[in-house]
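Step one of this worksheet: look at the structure below.
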Amino acid sequence: MNPSTLIGIVASILLLGVVLFFSADDPTLFIDLPGLGIVVIGTMAATFISYPLREVVRIFGLLGTVMRNERLYTQDDIEELVAISKLWVSGSIRQVEEALEKVHNPFLKMGVQLIIDHTPEDDAIKLMHWRIARLRAKEHAEAQLFRTMAAFAPAFGMIGTLIGLVNLMFMIGDGDMASIGQQMSLALMTTFYGILLANLIFKPVAVKLERRTEQRVALMNMVMQGISMMSQRRGPAFMRETLNSFMAEYDDELNDEENRRLFGDAQKANDRKVTGQAGS
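Sequential numbering from -15 applies to the sequence shown in this note's numbering.
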């Protein structure tokens, strides 16, 4: 299992357990099956209406992807590219084909095959760009599916709240306090379930899938750069250093982006503090 996913699951369970244990005399009061049914069934119904069946049925497979510790064999791909490039520079096409059969990365295999077939470099790069764009669009749609569900869940939570409040209005005149409490529970718990599912499951899964896409696209861009250098018959040592630097630069750019985001959040908080002091 993915370590960060496991940590998140354990932390969320502990958080909910501690909150319910210390904030409620009876934690079972937070179990409301009708309210949960409104949110879950309503969200799934809206998702089925919004997306084709073949996309919706992939939800469980995508959840498995998030749970799985998926490793990117970046260094292995670099070494395979360097080894194949060395054979290509030496002119041993047959050995290149034999080495290509042992390659597991289909994107790398496709790029090398294009070079072996003497495809012009520009055409090979265009085709590889198209493959990257197609993967990015496909996986963006998968992440967007969960973002859509994250928008639906709180909405159906509010629908459950309205149902509970409407029933509550009808029962106030009867003075049946047990029924009034039951309807108030339905009204509040559906909103709770909707917000909980949206922010603890659907949105985190979408972010995880988007991050996975970024890493896969970076790896594919690295492979494309290696294929371009192989087409130009660059030296293996130069290729290895260039590809290692490419991936290191990618990591640095991500870290810089995260630092900029944190700095921006801190700056906004400071500006609000200064504004508040000036207003007082």
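We put the CB at the ideal spot given by N, CA and C, even for glycine.
Separation of residue j from residue i, as counted between CA atoms
| i | j | result |
| --- | --- | --- |
| MET208 | VAL73 | 18 Å |
| ILE164 | PHE44 | 38 Å |
| MET92 | ALA134 | Looking at the sequence itself, residue 92 is Leu, so the reference to Met does not match. Roughly 36 Å separates the two Cα atoms. |
| VAL150 | PRO(-13) | 45 Å |
| ILE(-7) | PHE6 | 20 Å |
| ALA117 | HIS124 | 10 Å |
| ALA182 | ALA(-5) | 17 Å |
| GLU81 | ILE179 | 54 Å |
| VAL96 | LYS192 | 31 Å |
| GLU85 | SER215 | 19 Å |
| TRP198 | GLY141 | The sequence shown places Glu at residue 198, rather than the Trp named in the question. Answer to the nearest angstrom: the Cα atoms are 32 Å apart. |
| LEU119 | ALA139 | 31 Å |
| THR226 | ILE211 | 12 Å |
| ARG115 | ILE(-3) | 40 Å |
| PRO36 | LEU111 | 28 Å |
| ARG224 | LEU0 | 49 Å |
| LEU129 | LEU170 | 27 Å |
Secondary structure of residue i, DSSP reduced to three states
| i | result |
| --- | --- |
| LEU65 | helix |
| ASN273 | The chain is shown from -15 up to 264; residue 273 falls before or after that span and cannot be answered. |
| PRO104 | coil |
| GLY219 | coil |
| TYR35 | coil |
| ASN(-14) | coil |
| LEU15 | Per the sequence presented here, residue 15 reads as Ile, with Leu not at that position. In the structure shown, ILE15 sits in coil (DSSP, three-state: anything other than H, G, I, E or B). |
Residue i Cβ short of 8 Å to the ligand FAD heavy atom set
| i | result |
| --- | --- |
| ASP16 | No copy of the ligand FAD occurs in the structure displayed, which carries no ligand at all. |
inquiry  = Does the region 15 to 35 come into contact with the region 187 to 199, if we say contact requires no fewer than three beta-carbon pairs (one atom in each stretch) closer than 8 Å?
reply    = No, they do not touch.
message = If contact is defined by three or more beta carbon pairs under 8 Å, each pair taking one atom from either stretch, is the region 6 to 20 in contact with the region 166 to 178?
response = Yes, the region 166 to 178 is in contact with the region 6 to 20.
query = Are there three or more Cβ pairs, one per stretch, closer than 8 Å when the region 208 to 226 is compared with the region 62 to 70?
reply = Contact between the region 208 to 226 and the region 62 to 70 is present, with at least three C-beta pairs closer than 8 Å.
task = Assess, as a yes-or-no matter, whether the region 199 to 214 is touched by the region 52 to 61 under the definition of 3 or more beta carbon pairs within less than 8 Å.
result = They touch, by the three-pair rule.
Length-filtered (4 minimum) alpha helix (DSSP H) runs lying within the region 38 to 92 = Listed in chain order, the alpha helix (DSSP H) elements of length 4 or more contained wholly in the region 38 to 92 are 43 to 51, 58 to 73, 77 to 84.
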